[in-house]
Amino acid sequence: MGRYPLGENASLPVSLFYNLMSQSEKVEIVMRGIAASPGVAHGPAFLFLQKEVEIPSYEIPEQGRGFELARFEQAILETRMQISAMRNEIASELGEEEAQIFDAHLLVLDDKALLEETVHEVENSGLNIEYCVHKVITRYIEAFASIDDDYIKERVTDIRDVSRRLLRNLMGHADFSFSKLAENKIIVSEDLTPSETANLEKGTVLAFVTDEGSSTSHVSIMARSIEVPAVVALHTITSQVHTGDTLLVDGYEGLVILNPTEARLQRYGRIKLEKEQLQQVYQSEACKPAETRDGQSLVLMANIEGVTPPDRLIKYGAQGVGLFRTESIFLRDMSFPDEETQFQIYKSYVEQLNPQSVFIRTLDLGGDKSTDGKYFPDNEGNPFMGFRAIRFCLEQPEIFKDQLRAILRSSAYGKTKIMYPMISGLPELLAANKILEEAKEDLLERGQAFDPHIQVGSMIEIPSAAYTSDLLAEHCQFFSIGTNDLIQYMLAVDRVNDRIAHLYQPNHPAVIRIIKAVIDSAHKKGIPVGICGEMACDPLYAPLLIGMGADELSLMPVRIPEIKYLLRKIKMSDARSLVEKVINYGDAQTIYDTLRQFYLDHVNITNA
Ligand code: PEP
Ligand code: MG
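If you want this note's numbering, it's the position in the sequence shown, counting the first as 1, plus 797.
Written as structure tokens, this is what we have:
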């Protein structure tokens, strides 16, 4: 820092100062993670940190202290503006009383003693402003915390909240209004929660790159849903990248390049063009019939989070919605919308996609998709095995019934189907069906229309459900296999733990066998089976799944054209032979190699 004329720059905005500083020091760094969503993006990074921020400590030469104080002033201004904006938002949405908490926060920023002490600390210690702010505030918090008084204790919480925000602003990663900050930026984060990404739409954010995650973690699914590139499991990217740094994201290969060279940018320009041309080839077949070369009809549907408009689904050639992840609606507002609000959302899809079907999955909240501490435990040891989905709905029948009535009402406008997530056995399916019957009675009493023959299905994503699928099939009209969860529970591999991502194997013989067994048992009972996990989007597995007899594949909308293109190139008889071969293999690698060879034999992508 001492190399720069800090005194002269003291009035410069902080971001401009950092830009000046980094001009001469750009070294290209390539980082490798897991490719989570395809595409190439190039642009400025925005560091969005969740966990406690580590406070840097370094000496500031005497002539630089004016600049430190100017940064302090600027951060206070920014923090005040953010808090006031939040205050106004809360006041208009919830009322003045709720907004008063932010008045207390603003008072902390006006506290003369605290501000003066911080200035003295900079002058006396000669250390950077972040360190000094942290030190003074910690002193305050410790002093207040030792006083046994509820009012004072609350002030400690206020001071802690404000100081966190202030420090983040000082270090260039403010955290308010995520969707606004994300605009035209590459979001760099440890991980992103469902609620942070729930409001994002296509075109708002350039890309996601995260330290944690896997290809089936929430942020990856969301990135594919809003069609932005993403690379996850980079481990240390949040400590290597600062807000404003230039990044290049390669969501095909799982690479992130900090300070890309001109030559690399040009190469990626060509790659992007080639991929776009390929997508155009796929897209040109999107509206052709979904059928194999030997004339077997297929059904390719869309997985949605409620952000993809129905007309875009039609453009991609989706034959309806095979999985509507309704929890996204709840996560967007972090609350439970009433029946009417839900009804309007479901109806809009059902009506516009009619006569195609819309499979609406009831709430799969909880686990990694929890909303609050009120309904869901804050810190479950094993969230994926915890209080989630149907377990929650059966304990909260009123919330469940609101949703069921909304879905039922939408069925008066087109073909709606209901499916329950995380069914582990027959009693849960029967209990859910019982509540559904009560919801139907409510509507009959109110005189509101619904399809009395609405079909109900069970998701098969827990091994216990798979092994009792013959019993479940007696009480529902279809199955939908959620391979994302089924794989994690079959193999005891947490689907979001990148440390063991190599063990998360769709090509594991047990996974292949259990999917085949579920399809066979459903067909024996005369009910159809869809596959809605990420396996269905994978060109290696799609032929295998249809060869096993899956009646529908439900995919990320943007992947439908590619999978349709592929399936139109193969014969169903070949897909069936592939299954016969693979089902007897005992090791995952041989299965993978065989699937890959099948793919290469059937699709010459370079000549597409
Ligand atoms: C699945 O588990 O495969 C699935 C489709 O559900 P989700 O990814 O939403 O858990
Ligand atoms: Mg699931």
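For each residue, glycine too, the CB sits at the ideal point set by N, CA and C.
In chain order, what residues of the same chain have a beta carbon less than 7 Å from the beta carbon of residue i, not counting five sequence neighbours either side?
{"i": "LYS823", "result": "ASN1056"}
{"i": "ILE1126", "result": "GLY1103, PRO1134, GLN1139, ILE1142"}
{"i": "LEU813", "result": "With a pLDDT of 34 at LEU813, under the threshold of 50, the modelled position of this residue cannot be trusted, and the question is left open."}
{"i": "ASP1091", "result": "LYS1368, MET1369, SER1370"}
{"i": "ILE934", "result": "ILE956, SER960"}
{"i": "ASN925", "result": "PRO853, SER854, TYR855, ILE857, GLU865"}
On the DSSP letters alone, give me the boundaries of the beta strand (DSSP E) that residue i sits inside.
{"i": "PHE1184", "result": "It is not in any beta strand (DSSP E) - PHE1184 carries neither H nor E in the DSSP assignment."}
{"i": "ARG1292", "result": "Looking at the DSSP string, ARG1292 is not in any beta strand (DSSP E), and its letter there is neither H nor E."}
{"i": "ASN1100", "result": "1097 to 1101"}
{"i": "GLN1326", "result": "In the sequence as presented, Gln is not what sits at residue 1326; that position holds Val. That run of the beta strand (DSSP E) goes 1326 to 1328."}
{"i": "ARG829", "result": "826 to 829"}
{"i": "PHE1276", "result": "1275 to 1278"}
{"i": "GLU1349", "result": "1349 to 1352"}
Return the bridge partner residues of residue i from the DSSP annotation.
{"i": "HIS839", "result": "LEU1045"}
{"i": "TYR1217", "result": "SER1255"}
{"i": "THR1007", "result": "SER986"}
{"i": "VAL1118", "result": "ALA1099, VAL1155"}
{"i": "VAL1029", "result": "ILE831"}
{"i": "LYS1085", "result": "In DSSP, LYS1085 forms no bridge with anything."}
{"i": "LEU844", "result": "VAL985"}
Between residue i and the rest of its own chain, which residues show a CB-CB distance below 8 Å, the 5 nearest in sequence each way excluded?
{"i": "TYR1210", "result": "LYS1144, VAL1147, GLU1148, ASN1151"}
{"i": "HIS931", "result": "ILE852, SER960, LEU964"}
{"i": "PRO810", "result": "For PRO810, the predicted structure reports a pLDDT of 33, less than 50, and the residue's modelled location is therefore unreliable. A value from the coordinates is still provided. Closer than 8 Å at the Cβ level, and outside the excluded window around PRO810, lie GLN871."}
{"i": "ASP1239", "result": "LYS1198, ARG1202"}
{"i": "GLY1330", "result": "THR1013, GLU1258, ILE1278, GLY1279, THR1280, ASN1281, ASP1282, LEU1283, ILE1284"}
{"i": "ILE1297", "result": "VAL1290, ASP1291"}
{"i": "VAL1379", "result": "ILE1309, LEU1341, ILE1388, THR1391, LEU1392"}
Taking all protein chains shown into account, decide if residue i is buried (16 or more other Cβ within 10 angstroms of its Cβ) or exposed.
{"i": "ASP900", "result": "exposed"}
{"i": "GLN820", "result": "A caution first: GLN820 carries a pLDDT of 41, below 50, which makes its placement in the model unreliable, though a value can still be read off. With fewer than 16 Cβ atoms within 10 Å of its Cβ, GLN820 is classed as exposed."}
{"i": "MET968", "result": "buried"}
{"i": "GLY1178", "result": "exposed"}
{"i": "THR1033", "result": "exposed"}
{"i": "THR1058", "result": "exposed"}
{"i": "ASN921", "result": "exposed"}
{"i": "TYR1362", "result": "buried"}
{"i": "VAL985", "result": "buried"}
{"i": "MET1345", "result": "buried"}
{"i": "GLU859", "result": "exposed"}
{"i": "ASN885", "result": "exposed"}
{"i": "ASN1176", "result": "exposed"}
{"i": "TYR1396", "result": "buried"}
{"i": "PRO1340", "result": "buried"}
{"i": "GLN1074", "result": "exposed"}
{"i": "ASP1161", "result": "buried"}
Short of 6 Å in beta carbon distance, which residues of its chain neighbour residue i, apart from the five on each side in sequence? Order them along the chain.
{"i": "PRO1328", "result": "Sequence check: residue 1328 is Ile here, not Pro. Taken in chain order, the residues that qualify are ILE1278, LEU1342, ALA1347, LEU1350."}
{"i": "PRO1260", "result": "TYR1286, MET1287"}
{"i": "GLN1153", "result": "GLN1116, GLY1117"}
{"i": "ALA971", "result": "Low confidence applies here, because ALA971 scores a pLDDT of 47, under 50, leaving its location unreliable and the question unanswered by this model."}
Quick check: what's the CA-CA separation for residue i versus residue j?
{"i": "GLU875", "j": "VAL959", "result": "12 Å"}
{"i": "ILE1257", "j": "ALA1099", "result": "18 Å"}
{"i": "PHE1156", "j": "TYR1217", "result": "10 Å"}
{"i": "ALA1083", "j": "GLY1117", "result": "14 Å"}
{"i": "THR1213", "j": "ASP988", "result": "34 Å"}
{"i": "VAL1038", "j": "PHE843", "result": "9 Å"}
{"i": "LEU997", "j": "PHE941", "result": "40 Å"}
{"i": "LEU1120", "j": "ARG1158", "result": "6 Å"}
{"i": "LEU1223", "j": "MET1182", "result": "18 Å"}
{"i": "ARG962", "j": "GLY892", "result": "23 Å"}
{"i": "LEU846", "j": "THR1007", "result": "10 Å"}
{"i": "THR1387", "j": "GLN1394", "result": "11 Å"}
{"i": "ILE1101", "j": "SER1207", "result": "17 Å"}
{"i": "MET818", "j": "ILE873", "result": "Here the model assigns MET818 a pLDDT of 39, short of 50, so the residue's position is not dependable, and the following value carries that caveat. Computed Cα separation, rounded: 23 Å."}
{"i": "GLN1193", "j": "PHE1184", "result": "12 Å"}
{"i": "ALA838", "j": "ARG1021", "result": "14 Å"}
{"i": "LEU1045", "j": "LEU1062", "result": "8 Å"}
{"i": "SER808", "j": "ARG862", "result": "Any reading at SER808 needs caution, since the residue's pLDDT is 34, under 50, leaving its predicted position unreliable; the model's value is listed next. Computed Cα separation, rounded: 12 Å."}
{"i": "ALA1087", "j": "LYS1313", "result": "22 Å"}
{"i": "PHE973", "j": "ARG829", "result": "Reliability fails at PHE973, whose pLDDT of 44 lies under 50, so the model's placement of it is uncertain and no value is given."}
{"i": "ASP1335", "j": "TYR1065", "result": "24 Å"}
{"i": "GLY1041", "j": "ALA888", "result": "33 Å"}
{"i": "ALA1030", "j": "VAL1053", "result": "11 Å"}
Just curious, the alpha helix (DSSP H) that residue i is in, first and last residue?
{"i": "ARG1420", "result": "Outside the displayed range of the chain (798 to 1405) lies residue 1420, so it cannot be described from this structure."}
{"i": "VAL1308", "result": "1306 to 1321"}
{"i": "SER1154", "result": "Premise fails: SER1154 lies in the beta strand (DSSP E), 1154 to 1158, not in any alpha helix (DSSP H)."}
{"i": "ILE1380", "result": "Where ILE1380 is concerned, there is no enclosing alpha helix (DSSP H), given that its DSSP letter is neither H nor E."}
Would you say residue i touches the ligand PLP, meaning its beta carbon is less than 8 Å from a heavy atom?
{"i": "GLY1330", "result": "Because the ligand PLP does not appear in the structure shown, any question about it cannot be addressed here, the ligands present being the ligand PEP and the ligand MG."}
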